[in-house]
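In our numbering, the protein residues as written are 321 to 397.
Quick reminder that beta carbons are idealized off the backbone N, C-alpha and C, glycines included.
Pasting the structure below:
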């Protein structure tokens, strides 16, 4: 029975890791959109860059939360 518990724990860790994959995709989409906007209108750099950095920080936080949950599931659960 303990083997099934370990299997379930590692399955949950893998699913928590999907949060990190989603954050990676989100970071790529945000960066791409910001670079497209800057390529179309370079004068708007002062308005686009701070918003992009803030959005990237929030998106990265989601990935960090997924990492923390995965680590907690491995070592605490």
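Alpha carbon to alpha carbon, how far is residue i from residue j?
i, j, result
"residue 334", "residue 363", "43 Å"
"residue 395", "residue 349", "33 Å"
"residue 344", "residue 393", "21 Å"
"residue 390", "residue 336", "6 Å"
"residue 274", "residue 351", "Within the shown structure, residues of the chain are numbered from 321 to 397, placing residue 274 beyond reach of any answer."
How would you write the range of the alpha helix (DSSP H) that residue i sits in, first residue to last?
i, result
"residue 364", "From DSSP, residue 364 is part of no alpha helix (DSSP H); its letter is neither H nor E."
Which runs of the beta strand (DSSP E) fall wholly inside the stretch 321–365 and span at least 3 residues, in chain order? none
So, do the stretch 355–370 and the stretch 379–390 have three or more beta carbon pairs nearer to each other than 8 Å? no
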